[in-house]
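Colleague:
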Amino acid sequence: MLFAVLIVLLSAIVAYFYVFCRRAYGYWKSLGVPYEEPECLFFGSSFNLVFARETATDVYQKIYNSHSREKFCGFYHMTRPHLLIRSPELVEAITVKDFSYFQNRHMKANTELDELSAHLVNLRDEQWRVTRHKMNPTFSSSKLKHMHGQLTDCADNLVERLASVEKSTEVNIGDFIRRYGMDALCSCAFGIDAEAPNNPSATILGVVRRIFEPSRLMAFKRFLRTELDWFFTLLRWRNVPVELEKYFKNLIDEILEHREKQDAGRVDFLQLTNDLVKNDLLLIRDGQLDKDDPNVFTKKLMYANEFVFFLAGLETTTSTICYTLYELALNTGIQEEAYQEIKRIVTKHGHLAHEAIKEMTYLSHVLSESLRKYPPVPLISREASKNYKIPETDITLPKGMVVFIPVHSIQHDPKYFPDPYEFKPERFTHQILPGSYLPFGDGPRKCIGARFAELEAKIALSKILLEYTVTRCHKTEVPLTMDKRVALLATPKGGIWLGLERRTKNQREDSS
Ligand code: HEM
C-alpha cells in the first residue's frame, strides 16, 4: 500500500514537473521571438554547461550560429527564458544608450552568507551607481602613472624568475605570469612588495584559485548558485570559505594599522578605498550623511571591493598575457615587429617609462587582437530593471529578463572580423564597429580595471620580449583545448607551454 502511494505521489510530481516545464518552454513562442528549442527538460539549453560537458563559449556559439539571420534570439537557461543578443547595434543600445533599463547583471551579492560578495561585479541599482562613482577615480590616469614603477619592479622579478628556469627552455608560462599578476595586485592593491617577508601572494592566490577551481562540482555549484540562491543560503554554502574571508580581512586591517603608524600618502587601491571609508565617516560626523544610508562606503564594502580586484583582475589579466605570448610564438613575424617597436621606443626613452608604453601602438594592436581572439570573459549579462521595448520591433521584454551578450561569438563573426581565427593585429588600424568588440564590456558598467590590466600586460610583454624570443615547443598545443570545467573564464586545459630563447647580449644591451 505504502509503495503504491509513493508511486502515485512520484508520478504526480513528475507530471506536475513536466507540465510546468512545457508551459515555461512556451514563452518565446508566445512572444513571437525566434528561439532555440530546449535540448532537455528542466535544463533547457544548459545541460552541457551545468555538467561541464561544454564550455560557455561553445554552448552560446551553437545558439549564435543557428540563428544567423536574427538580431537576437531566445533560449532557455534551465526553465527561465533568456535572450541572446546577436547584433552590435542592439549590444550598444543595451549597454550604452538604454543603460537605464539594464544597469544590473543577473548576479547579486549575498552578504548574509558571503560578506565579500558585496563588490562592484554583484552590486545593483543605486548602491552600484554610488559605489562605482566613488571608485572610478581609483583607476584614473594619474593613479595608474603612480603604479607604473610598482608594475615594472614586478616585471623585473618575473624576468629574473624566467632566467632561473630558462635552461629547461619549455615552460608552462601561466605559472610565471600568474605569479607576476599576483605580485602586481599585491603591490598595487596593498602596497606589499613581492619579495617582502610574509608576502601574502601565495595565500591569496590559493583563495582565488579555489574560487575558479576547475572541478565539475565547483562548476555545478556555481551554476546552481545563480539559479537557486535561496537554496545555498539555506545550506549555508559559501563561495569564500569563512577562514579565508577572515584571513583577507585581517590582512587588510593589519596593513592599515601599520600605515596609520608609518607612511602617509601611498597611492594604492587600499589607500584609495580606505580614504573613501574615512571620507564618509567625516560626512556622517558632520551630519551631511546619514549613518544608515545604504550608500555609505563602509569598511565591509571596502573589504569586498579590495577582494574583487583579485577575483576579477587576476585570472583575466594572466590569461591575456599568456594568450598573447602564445600567438607571438606562433606568429614569428608579428613577434619580431613588436620586439623592434619596443626596443626602438625603450632605447629612445632610456628605460621602460610610462610615456614609452603609451607610444607602443603596434604592441597595443597585438594586445587588442589577443583580447579579440581570446576574450577572457566570453559572455556578459544584463538584467532588465523595467519593461524594455526592443528598438525597431513590437517586442517588449519584461522587467527581470536576463540578456546575454556572447562576446566570443560576436568577436569571431566574420561579418565584423574577416578570417576570425587568424591573428591579425592590423585589424585595429581601422575603425572597429561599435558593439562588435567587447573584451572589457561596454557602457557605464564596463570593466573598471581595463586600463590597469592593459598597462600591466604591456609592461610584462615588453620586459619579456626584450629579454627573450618566445617559441613554439613540442608541448605547445595548436589549437588549444579549453577546460570545460571552468565555467566563468576561457581557460586552456593543461596550460600554455612555450619555449624561451634568451636574446643575445648585443640585442639586450641595445635597449638597456
Ligand atoms: C585583461 C583583463 C580583464 C578583462 C578581459 C576584464 C573583463 C571584464 C568584463 C568583460 C567585465 C564586465 C563588463 C560589462 O559587464 O560590461 C568586467 C568587469 C569588471 N572588472 Fe574586469 N577585466 C580585466 C581586468 C580587471 C582588473 C585588473 C580589475 C581590477 C583590478 C577588474 C575589475 C573589474 C570589476 C570590479 C568589474 C565590475 C565593474 C562594474 O560592474 O562596475 N578587471 N571585466
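When the letters of the sequence shown are read in order and numbered with this note's numbering, they come out as residues 259 to 770.
Ideal Cβ placement from N, Cα and C applies to all residues, glycine included.
Keep in mind that this is a model prediction, so the values were computed, not measured.
Closer than 7 Å: is that where the CB of proline 450 sits relative to any heavy atom of the ligand HEM?
Modeller: The displayed chain sequence assigns isoleucine, not proline, to residue 450. Isoleucine 450: no, Cβ never under 7 Å from the ligand HEM.
Colleague: Between the beta-carbon of glutamine 593 and the beta-carbon of threonine 427, is there less than 8 Å?
Modeller: Their beta carbons are not under 8 Å apart, which means glutamine 593 does not touch threonine 427 by this criterion.
Colleague: Nearest to histidine 670 by CA position, among Ser422, Ala262, Arg344 and Val272, is which residue?
Modeller: When each option's Cα is compared against that of histidine 670, the closest is Arg344.
Colleague: What runs of the alpha helix (DSSP H), each 4 residues or longer, lie entirely inside the region 504 to 547?
Modeller: Qualifying alpha helix (DSSP H) stretches, in chain order: 527 to 543.
Colleague: Mapping the DSSP letters down to three states, classify tryptophan 755 as helix, strand or coil.
Modeller: Reduced to three states, the DSSP call for tryptophan 755 is strand.
Colleague: Does the beta-carbon of proline 552 have 16 or more other beta-carbons within 10 angstroms, so that it is buried, or is it exposed?
Modeller: Proline 552 is exposed by the Cβ-count criterion.
Colleague: Restricting to runs no shorter than 4 residues, where is the alpha helix (DSSP H) found entirely within the region 603 to 640?
Modeller: You should have 612 to 617 and 619 to 631.
Colleague: Helix, strand or coil: which one does DSSP assign to leucine 381?
Modeller: It is coil, neither helix nor strand.
Colleague: Considering only the alpha carbon of each residue, which of Glu370, Ile653 and Glu712 lies closest to lysine 616?
Modeller: Measuring from the Cα of lysine 616, the nearest candidate turns out to be Glu712.
Colleague: For phenylalanine 489, which of helix, strand or coil comes out of DSSP?
Modeller: Phenylalanine 489 falls in the helix class under three-state DSSP.
Colleague: By DSSP, does threonine 576 sit in helix, in strand, or in coil?
Modeller: Helix, per DSSP.
Colleague: Sorry if obvious, but does the Cβ on lysine 401 come closer than 7 Å to a heavy atom of the ligand HEM?
Modeller: Checking every heavy atom of the ligand HEM against the Cβ of lysine 401, none is found closer than 7 Å.
Colleague: Roughly how many angstroms separate the alpha carbons of leucine 738 and leucine 534, rounded to a whole number?
Modeller: Taking the straight line joining both Cα atoms gives about 43 Å.
Colleague: Can you tell me where the beta strand (DSSP E) holding isoleucine 663 begins and where it ends?
Modeller: Looking at the DSSP string, the run of the beta strand (DSSP E) that includes isoleucine 663 is 660 to 663.
Colleague: For cysteine 331 versus tyrosine 293, is the C-beta spacing smaller than 8 Å?
Modeller: Cβ atoms of cysteine 331 and tyrosine 293: closer than 8 Å.
Colleague: Starting from the Cα of valine 417, find the closest Cα among Thr762, Cys444, Thr749 and Lys721 and give me that residue.
Modeller: Out of Thr762, Cys444, Thr749 and Lys721, Lys721 has the C-alpha closest to the C-alpha of valine 417.
Colleague: Comparing alpha-carbon positions, which option in Ser358, Arg382 and Cys731 lies nearest alanine 367?
Modeller: The option with the nearest alpha carbon to alanine 367 is Arg382.
Colleague: Pop quiz: isoleucine 579 and alanine 715 are said to be a contact at Cβ under 8 Å. What is the actual Cβ separation, rounded to whole angstroms?
Modeller: Going by Cβ atoms, the distance from isoleucine 579 to alanine 715 rounds to 5 Å, so yes, they are a contact pair.
Colleague: Alpha carbon to alpha carbon, what distance is there between histidine 406 and tyrosine 438?
Modeller: Whole-angstrom Cα-Cα distance: 14 Å.
Colleague: Measuring only from the beta carbon, is phenylalanine 634 closer than 7 Å to any heavy atom that is part of the ligand HEM?
Modeller: Correcting the residue type first, residue 634 is proline in the shown sequence and not phenylalanine. Result yes, Cβ under 7 Å from the ligand HEM.
Colleague: Note down, in chain order, each residue of its chain lying with its Cβ closer than 7 Å to the Cβ of proline 649, except the 5 sequence neighbours on either side.
Modeller: Excluding residues within five positions, the ones whose Cβ falls inside 7 Å are Ala351.
Colleague: Using the beta-carbon count (16 or more within 10 Å), is tyrosine 276 buried or exposed?
Modeller: Per the 10 Å Cβ criterion, exposed.
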